[in-house]
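Some notes on the structure that comes next.
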Amino acid sequence: MQNTITQKSRFRWRTLLIVAFAGLLAACSAARIGFNNGTTVSYWWLNSYVDFEGEQKPWVKRHIDELFAWHRRTQLRGYVELASRIQRRDLATVTAEQLLSDYEDGKTRVLAITDKAAPELADLALSLTPEQIVNIEDKLEKNNRKFRKEYLQGSKEKRQEFRYKKMMKQAEYWFGNFNREQEAKLRQLSDARPLNNELVFEDRLRRQQELIDLLRKIQAQRPAREEAARLIRAYIAAASDRFGNRQHQAFFDATVRGNAELVAGMMHLATPAQRSHFVKTLQDWISDFNRLSALAES
């Protein structure tokens, strides 16, 4: 197959989540799992934060390999089921509620990966030195500087335009080109979504600080592996609930709804050719997931 996973950007599955699951899993690291080069990419990504030392490198790579093997063996068939369900829908009548249901399905699958990875993440947290935690903190701040530059500058109209252009790049991958009339309607749907980049940044900083505090606690107290894994799972659950911040939770719930309505509107606007493009692109991924799953089971 010419259009194999190895030839696709590692971000394409993330864009499928944006379109099919209302754009709400885009930040999940699990979106990259399942690719032929995923173990290498994941190690490189983690190392860019931690800067692993000699003794850490082999077992970190081994843990990543084992997690990917488990994922390919046990999870990809579920992705096929979900993608196939989306593929069979009549896009002209799809509802936001259906997309929200897809999102919850996808979210459950992602949480299964984080739960599976918790013991290995505990091993990693227990191995970190104070200097490596500082490395993580520095990397997060570097990312925050980029976020400020991209998302906290300019007027509301400029921010809406920036968000719209990013969304359209994803939409064009799945549906092909849109005409001017379609673009105008999609711009209206995009602008109707909640927009509060300052709140998003505040939530981001809270998640990061809670993570750094957790890593320092584990490094200082040296709990047993099981306890460290429990702490990590508790952090993931708390982050998912926005650490009990009702204002943040309400905003992100509204964002979920707004993205679902945007994607439903996009599907309603699609021409027969665009719908065919979407179905074919989904089929490429279904075929790749089936191939990888079969290889893992053989």
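Counted the way mature numbering (1 follows the signal peptide of the UniProt record, and there is no 0) counts, the sequence shown spans residues -31 to -1, 1 to 267. All residues carry an ideal CB built from backbone N, CA and C; glycine is no exception.
Asked, Found
"Nonlocal neighbours in the same chain, by C-beta distance under 6 Å from residue 37, ignoring five residues either side", "7 and 8"
"Proximity of residue 220 and residue 165 at Cβ, strictly below 7 Å", "yes"
"Residues of its chain near residue 121, where Cβ-Cβ distance is below 6 Å and the 5 sequence neighbours each way are ignored", "166"
"Bounding residues of the alpha helix (DSSP H) (the contiguous stretch that carries residue 15)", "7 to 19"
"Proximal residues to residue -3 (C-beta, below 8 Å), its chain only, five neighbours per side dropped", "For residue -3, the pLDDT reaches just 34, beneath the cut-off of 50, and the residue's location in the model is therefore unreliable, although a value from the coordinates is still provided. Excluding positions up to five away in sequence, the list reads 11 and 14."
"Simplified DSSP assignment, three categories, for residue 124", "coil"
"Runs of alpha helix (DSSP H) lying entirely within the segment 225 to 267, each at least 4 residues, in chain order", "241 to 266"
"Cβ-based neighbour list, residue 251, same chain, cut-off 6 Å, excluding 5 preceding and 5 following", "52 and 56"
"Same chain, Cβ closer than 6 Å to residue 83, five either side skipped, listed in chain order", "205"
"The segment 172 to 182 / the segment 98 to 114 touching (three or more Cβ pairs under 8 Å)", "yes"
"Classification of residue 210 by the beta-carbon crowding that lies within 10 angstroms, buried from 16 upward", "exposed"
"Contacts around residue 20, its chain only, beta-carbon distance under 8 Å, and the 5 residues preceding and following it disregarded", "101 and 104"
"Straight-line Cα distance separating residue 155 from residue 292", "Any answer about residue 292 is impossible in this case: the structure gives the chain only from -31 up to 267."
"Distance, residue 73 Cα to residue 79 Cα", "10 Å"
"Residues of its chain near residue 187, where Cβ-Cβ distance is below 7 Å and the 5 sequence neighbours each way are ignored", "94, 95, 197 and 200"
"Own chain, CB closer than 8 Å to residue 117, minus 5 neighbours either side, in chain order", "170"
"Residue 229 vs residue 61 beta-carbon contact at 7 Å", "no"
"Beta carbon of residue 68 nearer than 7 Å to that of residue 232", "yes"
"Presumed contact (8 Å Cβ cut-off) between residue 163 and residue 227, rounded CB distance", "6 Å"
"Sequence-distant residues of its chain with Cβ nearer than 6 Å to residue 168 (five each side left out)", "220"
"Which of helix, strand or coil DSSP assigns to residue 147", "coil"
"Outcome for residue 262 when other beta-carbon atoms lying within 10 angstroms are tallied against a minimum of 16", "buried"
"Residues near residue 17 in its chain [Cβ-Cβ closer than 8 Å; skip 5 each side]", "108"
"Outcome for residue 41 when other beta-carbon atoms lying within 10 angstroms are tallied against a minimum of 16", "buried"
"Cβ neighbours of residue 46 in the same chain (closer than 6 Å, five flanking residues each side left out)", "262"
"Of the listed residues 111, 214, 189 and 224, nearest to residue 158 (C-alpha basis)", "224"
"Residues near residue 266 in its chain [Cβ-Cβ closer than 8 Å; skip 5 each side]", "42"
"Status (buried if at least 16 other CB within 10 Å, exposed otherwise) for residue 216", "exposed"
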